[in-house]
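Using numbering that gives the first Met the number 0, the final residue of the sequence shown is 178, and nothing's skipped along the way. Even glycine gets a Cβ: it sits at the ideal position worked out from N, Cα and C. Since this is a predicted model, take the numbers as computed values, not measurements. So the structure is just underneath, and the comments pick up after that.
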Amino acid sequence: MTENPVRPTREEAVFNDSELMVTQSDLNGALIYCNDVYCRVMEATTAEALGQIMSFSWHPDMPRSLLKRVLDTDPAVGELFLYVKHITQSGKFVWVLAQVSPLFNGSDEHIGYNSVRRSVTPEVVLQIADLYRSIRSEEQRHPDPDAAMLAGENLLNTMLTDQGHDYPEFIWSIMGTKL
């Protein structure tokens with residue numbers, strides 16, 4: 000996975016609760032569409048954003064195993080929700096709830112992903128940030144990227160099992176605080 004060279008700051012980028020950040024990407028994760036809200040929040044022009052791999056905008060604090068979860072989700076399952084911490088071009092962070100759905104062409108072939116992102120409250124961030132920190136720490140213990148993603152995924156699954164949740168149930172339990 001390509002790491003973003005932007006240095007993170009402690010400054011937060013925000014967008015209005017009524018706004019949606021929307022992107023579409025191909026099967027490799029390269030952006031093929033982004034709306035004006037996405038560009039404004041991420042501090043990029045459309046030309047700068049298009050072609051970028053979606054994980055490029057993921058903050059270094061984001062567990063890479065969650066990208067694996069997105070890419071490994073069977074398109075027949077439909078949508079997947081996840082919380083994502085993005086990094087803007089100036090290093091600001093922004094937390095979002097991403098609704099990722101498979102994108103199909105006219106022949107019903109899976110050709111990519113549609114992602115609609117909503118703002119989240121500080122209460123949601125409090126519930127998710129520690130979990131992501133633990134997963135990211137586990138990933139960083141493994142120099143091999145594939146092993147790191149597998150270790151992060153295993154830790155997440157263990158933590159969810161201990162809480163009596165699967166991943167969708169976990170996300171829905173947090174979403175109850177803010178949609």
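Closest by C-alpha distance to residue i, when choosing among the options
| i | options | result |
| --- | --- | --- |
| leucine 102 | Val21, Val124, Thr8, Pro4 | Val21 |
| glycine 90 | Trp57, Lys67, Arg116, Arg68 | Trp57 |
| asparagine 34 | Pro121, Gln98, Met61, Ser114 | Ser114 |
| aspartate 16 | Glu78, Trp94, Met158, Lys84 | Trp94 |
| isoleucine 134 | Leu65, Lys84, Tyr37 | Leu65 |
| proline 121 | Cys38, Asn27, Met174, Pro144 | Met174 |
| asparagine 104 | Arg9, Leu26, Arg140 | Leu26 |
| histidine 85 | Ser118, Pro74, Val76, Ser106 | Ser118 |
| aspartate 107 | Glu78, Ser136, Pro142, Pro74 | Pro74 |
| glycine 28 | Glu11, Thr44, Leu70, Val76 | Leu70 |
Burial state of residue i, where buried means 16 or more other Cβ atoms lie within 10 Å
| i | result |
| --- | --- |
| glutamate 152 | buried |
| valine 13 | exposed |
| leucine 154 | buried |
| histidine 109 | exposed |
| serine 172 | exposed |
| proline 4 | exposed |
| arginine 140 | exposed |
| arginine 116 | buried |
| valine 123 | buried |
| glutamine 162 | exposed |
Pair within 8 Å by beta-carbon distance, residue i and residue j
| i | j | result |
| --- | --- | --- |
| proline 7 | phenylalanine 80 | no |
| leucine 96 | tyrosine 112 | no |
| threonine 87 | methionine 41 | yes |
| alanine 48 | leucine 30 | yes |
| methionine 53 | serine 24 | yes |
| glutamate 138 | alanine 128 | no |
| methionine 158 | leucine 125 | no |
| aspartate 60 | arginine 9 | no |
| glutamate 78 | glutamine 98 | yes |
Distance between beta carbons of residue j and residue i, contact taken as under 8 Å
| i | j | result |
| --- | --- | --- |
| arginine 63 | alanine 147 | 7 Å |
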